[in-house]
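All remarks here apply to the structure that follows.
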Amino acid sequence: MEFLYEILKKGGVSGDESQFSAFILDYVLQRRNQWKVVPEVYYGEGFHDNIVLKFGRPRTAVFAHMDTIGFTARYENQLVPVGGPDVNDGDILVGEDELGPIECSVKIVDGNVFHDFKRSIVRGTNLSYKQEINLDDEFIQAAYLDNRLGVYNALQLCEDLEDGVVVFSTYEEHGGGSMPFLVKFMYEKWQVSQALISDITWVTEGVKHHEGVAISLRDKYIPRKKFVDRIVGLAQSSGVPFQLEVEGAGGSDGREIQMSPYMIDWCFIGAAEDNVHTPYEKVSLKDLASMIELYKYLMVHL
Amino acid sequence: MEFLYEILKKGGVSGDESQFSAFILDYVLQRRNQWKVVPEVYYGEGFHDNIVLKFGRPRTAVFAHMDTIGFTARYENQLVPVGGPDVNDGDILVGEDELGPIECSVKIVDGNVFHDFKRSIVRGTNLSYKQEINLDDEFIQAAYLDNRLGVYNALQLCEDLEDGVVVFSTYEEHGGGSMPFLVKFMYEKWQVSQALISDITWVTEGVKHHEGVAISLRDKYIPRKKFVDRIVGLAQSSGVPFQLEVEGAGGSDGREIQMSPYMIDWCFIGAAEDNVHTPYEKVSLKDLASMIELYKYLMVHL
Amino acid sequence: MEFLYEILKKGGVSGDESQFSAFILDYVLQRRNQWKVVPEVYYGEGFHDNIVLKFGRPRTAVFAHMDTIGFTARYENQLVPVGGPDVNDGDILVGEDELGPIECSVKIVDGNVFHDFKRSIVRGTNLSYKQEINLDDEFIQAAYLDNRLGVYNALQLCEDLEDGVVVFSTYEEHGGGSMPFLVKFMYEKWQVSQALISDITWVTEGVKHHEGVAISLRDKYIPRKKFVDRIVGLAQSSGVPFQLEVEGAGGSDGREIQMSPYMIDWCFIGAAEDNVHTPYEKVSLKDLASMIELYKYLMVHL
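Next up, the structure:
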């Protein structure tokens, strides 16, 4: 849990993931020697801020995005959203520009977002929610559970993964654009044709806290039924608690796998949260545990 | 016409085309020995549920999508649309889940779609319009004319096609995503740089029943003028009745050809229908005949 | 300036760029022998109407789109927009169909666009704003400054460019679709991983006439912060006047670089205009001069 706290404290607005990426890379390079299988690690300028780990003989890839929602400073105290923050008047934002660290509040006027910082902020500076983590026996509540928990899940998986690819991607929250490269790289190198999206979804009337990890049968995009049926069958065999989700909206890195010129099946699997894209996203610890367990099972049996 | 009835009776909601695809494949594998040229047939897991036929030395490819619009069962009797069904209260839907066959009616409440089936339907189950075919001397009326007629046209074309590629694709009605693979496969293998989209369009104030197949000069996307001008010139020489269509909205598999990293010209050519995406789509038999004739002419002369 | 007048007088609605492309190609082929470095020129049917110039050992590519906004003639005097023209009642449009040259006015009825030409116009014919150029000491005002000025900038750059790729692209104003090919071509051939978008942006409360070329830190899409920070650093060293732009909407050829399966950094750099997508777009001559200067500096130092 200590490590989870650490990654929750780090920012990484879409397009500006380099610090967070360097942190994850550092962790991986130090930690991988204790893992059951030592993966090959792909990173560096040719990967921009993405990281790819390759274990054994991969059949399935896991994608976890590293970026978060946030804001870009514009002119006259205006803020332009990055991703779709569900921001409220008074939410506290933090960031840093050449003149020093920034902490300010959000003002919403006629649907437009402003900051109240005492000086103007250098154009193009990214701000994001101030982190405040609350943990009790049942829940974790914090900003950026989407997708720090997905990253956490992927790294837990690495502990005893034998065969598979684990990808830490950028830009998911805002327009995408690193997935086409990552999918091409992974498919052309290892012909991996199955993908799981390690990300966080929504609590709804059909997906509830404490009832297990959600397997998404569709969102705005529709994975191949043949593949999700197979996943559901395996989940049933696994004994891990899970719920089936059906949505008409929302998307994930799965979209870019679907749109890629490779025949790769994909499925989104993740715990559900309340208060999506606010500073107080909330996830059941049981659901997080189920998520980790189900990924471990699927990476062996898929 | 018997064969057309047969394919109209089969479902195949986007993402769930495997049964329909198996049926078409079976037909192709049995029938191809009577065709003028016996094509190479590409299919199987590496193609998901898509099918590619290659005849002779291809210069032009024909794309016909196999999927239909429909609905996915969600929670609490809710239905999430697949594609853009133009559904009305009382329309009858059919499908099947683990508990057995389903037939139910649509209820629309505040713009949301519900079913009235006597039990809950397993999450993720696909439903689609109950088929009812009406044929007279002038018209065929049925669900799924879009795009069972496009598939029918493509298969009629196969009877005496000498050079060309014929592709049966998935996912057209909902987000797309198999075309990037198909275009890459076809272009890299045979450098085919011309494509026709065998699909059904709309009756409007400018495109009317019985006046011939429609050649679309644009929809939401704009094919290269040089290419559509050439098609129109050939259509004039052919003597086949045709109409010119100009739309600002709507799309087809042509979109993904346009967006592909290959320089492939494309043009949508298809009969027009009334009552688009309802259970009673209606197409003029004369226009369907013109469609088949014009495709046969173009595949020789393009 | 004479050459700029010449290219401003030529049309080239998205999808219909062949004449304008032929003109630019002709200019390049004649002029290139006087340039400091004679580039390799790539064009022809395999490139549709795009043109690629390769100078020396390229590290950075410049993209300038050749197409303009406009309209397609539909039925019953209706016009369908190409791109997003900001058209007003009475604006004058020109074009040509098989029956001869066309000059007519726009009528807007209930948000729909009609023409008042004395005869019907052949379906699919493209129309665009009648050109009227006004030049004084401070400003140029005309239709199509977006993106004739971007093309002009790219050609000025060619005069003494040593290393780089210069691309004249099609379809930018309406849906895109030639960039995926161009990016693939350029990256696979020369591994160019930096791109500048030579295009025109908007005057806003933060970007004003006469204050220098605008460097866009983001629009609807977000370039990698690491790269735009580097560009801003170089711009500061250059001594060329520039402004920083931050937008939440709008797009450019940069979008398709972002979405490509290649890890290519990109940044939009261009002068700002008033009256975007009208017949009287207006750009400061100082800003145009800064644009040309900054491109020359960056192509050496990036």
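Chains as they are written, first to last, in our numbering: chain A, 1 to 302; chain B, 303 to 604; chain C, 605 to 906.
Beta carbons are placed, not taken as given, at the ideal position from N, Cα and C, and that holds for glycine.
Practice item. Could you spell out the range, first to last residue, of the beta strand (DSSP E) harbouring residue 163 (chain A)? Key: Counting along the chain, no beta strand (DSSP E) covers residue 163 (chain A), and no H or E run does either.
Point to revise | Which listed residue (C:734, C:832, C:636) has its alpha carbon closest to that of residue 707 (chain C) | key: The option with the nearest alpha carbon to residue 707 (chain C) is C:734.
Point to revise | Assigned secondary structure, residue 222 (chain A) (DSSP; H/G/I helix, E/B strand, else coil) | key: DSSP places residue 222 (chain A) in coil when its eight states are reduced to three.
**Study point:** C-alpha gap between residue 120 (chain A) and residue 803 (chain C), whole angstroms
**Key:** Residue 803 (chain C) has its alpha-carbon roughly 28 angstroms from the corresponding atom of residue 120 (chain A).
Check your understanding: Are at least three pairs of beta-carbons, each pair with one atom in the region 251 to 262 of chain A and one in the region 230 to 238 of chain A, less than 8 angstroms apart?
Key -> Segment contact: the region 251 to 262 of chain A against the region 230 to 238 of chain A, fewer than three CB-CB distances shorter than 8 angstroms; contact not assigned.
Check your understanding: Looking only at its own chain, which residues have a Cβ that is under 6 angstroms from the Cβ of residue 789 (chain C), when we skip the five neighbours before and after it?
Key -> Result list for residue 789 (chain C): empty, nothing under 6 angstroms.
Check your understanding: If the cut is a Cβ gap below 7 angstroms, which residues of chain C does residue 528 (chain B) touch?
Key -> Result: 622.
Point to revise | Selected residue, minimal CA-CA separation from residue 549 (chain B), among C:722, C:729, C:615 | key: Nearest option by C-alpha distance: C:729.
Exercise for review: Evaluate residue 544 (chain B) with the Cβ neighbour count: other Cβ atoms within 10 Å of its Cβ, from every protein chain shown; 16 or more gives buried, anything less gives exposed.
Suggested key: The residue is buried, with at least 16 neighbouring Cβ atoms inside 10 Å.
Exercise for review: Within the same chain, show all residues whose beta-carbon is closer than 6 angstroms to that of residue 327 (chain B), passing over the 5 residues directly before and after it, in chain order.
Suggested key: Here the set comprises 345, 353.
Check your understanding: What residues are listed by DSSP as bridge partners for residue 580 (chain B)?
Key -> Beta-bridge partners of residue 580 (chain B) (DSSP): none assigned.
Check your understanding: Using a beta-carbon distance below 9 angstroms, is residue 560 (chain B) in contact with chain C?
Key -> Yes, its Cβ sits closer than 9 angstroms to a Cβ of chain C.
Exercise for review: With distances taken Cα to Cα, identify the nearest neighbour of residue 806 (chain C) among C:819, C:763, C:741.
Suggested key: Closest by alpha carbon: C:819.
Exercise for review: Could you tell me whether any Cβ in chain C is nearer than 9 angstroms to the Cβ of residue 473 (chain B)?
Suggested key: Judged by the 9 angstroms Cβ criterion, residue 473 (chain B) is not in contact with chain C.
Exercise for review: Flag residue 385 (chain B) as yes when its Cβ comes closer than 8 angstroms to any non-hydrogen atom of the ligand SAH, and as no otherwise.
Suggested key: Annotation note on the ligand SAH: not contained in the displayed structure, which lists no ligands.
Check your understanding: Nearest to residue 298 (chain A) by CA position, among A:34, A:238, A:7, A:276, is which residue?
Key -> Cα-wise, what sits closest to residue 298 (chain A) is A:238.
**Study point:** Same chain, Cβ closer than 6 angstroms to residue 681 (chain C), five either side skipped, listed in chain order
**Key:** Excluding its 5 nearest sequence neighbours in each direction, residue 681 (chain C) has C-beta neighbours in its own chain below 6 angstroms: 718, 719, listed in chain order.
Check your understanding: Between the C-alpha atoms of residue 755 (chain C) and residue 653 (chain C), what's the straight-line distance to the nearest angstrom?
Key -> Rounded to the nearest whole angstrom, the C-alpha separation of residue 755 (chain C) and residue 653 (chain C) is 14 angstroms.
Review point. What residues in the region 68 to 92 of chain A bring their beta carbon closer than 9 angstroms to a beta carbon of chain C?
Key: If the cut-off is 9 angstroms between Cβ atoms, the region 68 to 92 of chain A has 72, 73, 74, 75, 76, 78, 80, 81, 82 near chain C.
Practice item. Take residue 610 (chain C) as the anchor and find which of C:752, C:779, C:825 has the nearest alpha-carbon. Key: Residue C:752 is the option with its Cα nearest to residue 610 (chain C).
Exercise for review: Alpha carbon to alpha carbon, how far is residue 608 (chain C) from residue 615 (chain C)? Give it in angstroms, no decimals.
Suggested key: Within the model, the alpha-carbon separation for residue 615 (chain C) versus residue 608 (chain C) is close to 13 angstroms.
Review point. Counting only beta-carbon atoms, is residue 778 (chain C) nearer than 9 angstroms to chain B?
Key: In terms of beta-carbon proximity, residue 778 (chain C) lines the interface with chain B, with at least one pair separated by less than 9 angstroms.
Check your understanding: When the cut-off is 9 angstroms and only beta carbons count, does residue 14 (chain A) lie next to chain C?
Key -> Answer yes: the Cβ-Cβ gap between residue 14 (chain A) and chain C drops below 9 angstroms somewhere.
Review point. If you draw a straight line from the alpha carbon of residue 665 (chain C) to that of residue 657 (chain C), how long is it in whole angstroms?
Key: Across the structure, residue 665 (chain C) and residue 657 (chain C) are spaced so that their CA atoms are roughly 9 angstroms apart.
Review point. Which residues does DSSP pair with residue 372 (chain B) in a beta bridge?
Key: According to DSSP, which records beta bridges pairwise, residue 372 (chain B) is partnered with B:384.
Check your understanding: In whole angstroms, what is the alpha-carbon distance linking residue 763 (chain C) and residue 637 (chain C)?
Key -> The C-alpha of residue 763 (chain C) lies about 10 angstroms from the C-alpha of residue 637 (chain C).
**Study point:** Contact the region 127 to 142 of chain A vs the region 277 to 289 of chain A: 3+ CB pairs below 8 angstroms
**Key:** Yes, the region 127 to 142 of chain A is in contact with the region 277 to 289 of chain A.
Check your understanding: Rounded to the nearest angstrom, how far is the Cβ of residue 598 (chain B) from that of residue 512 (chain B), given a contact under 8 angstroms?
Key -> Their Cβ separation, rounded to whole angstroms, is 20 angstroms, which puts residue 598 (chain B) and residue 512 (chain B) out of contact at 8 angstroms.
**Study point:** Backbone secondary structure at residue 679 (chain C) - three-state DSSP
**Key:** If DSSP states are grouped into helix, strand and coil, residue 679 (chain C) belongs with coil.
Review point. Taking residue 643 (chain C) as the reference, which of C:800, C:801, C:761 has the closest Cα?
Key: Nearest neighbour of residue 643 (chain C) by Cα position, chosen from C:800, C:801, C:761, turns out to be C:761.
Review point. Should residue 809 (chain C) go down as buried or exposed, given a rule of 16 or more other Cβ atoms within 10 Å for buried?
Key: With fewer than 16 other Cβ atoms within 10 Å, it is exposed.
Review point. Which chain C residues are close to residue 489 (chain B), counting only those with a beta carbon under 8 angstroms from its beta carbon?
Key: Residues of chain C passing the Cβ test: none, with the nearest at roughly 10 angstroms.
**Study point:** Completely contained beta strand (DSSP E) runs for the region 198 to 267 of chain A, where each covers 3 or more residues
**Key:** Counting whole runs of 3 or more residues, the region 198 to 267 of chain A contains the beta strand (DSSP E) stretches 213 to 218, 242 to 246.
Check your understanding: Does residue 705 (chain C) get closer than 9 angstroms to chain B when you measure Cβ to Cβ?
Key -> Residue-level contact by beta carbon fails for residue 705 (chain C) and chain B, as no gap is shorter than 9 angstroms.
Review point. Are the CB atoms of residue 375 (chain A) and residue 14 (chain A) nearer to each other than 9 angstroms?
Key: No answer is possible for residue 375 (chain A): it lies beyond the span of chain A, which begins at 1 and ends at 302.
Review point. Could you give the distance in angstroms between the alpha-carbon of residue 65 (chain A) and the alpha-carbon of residue 22 (chain A)?
Key: One C-alpha to the other measures close to 14 angstroms.
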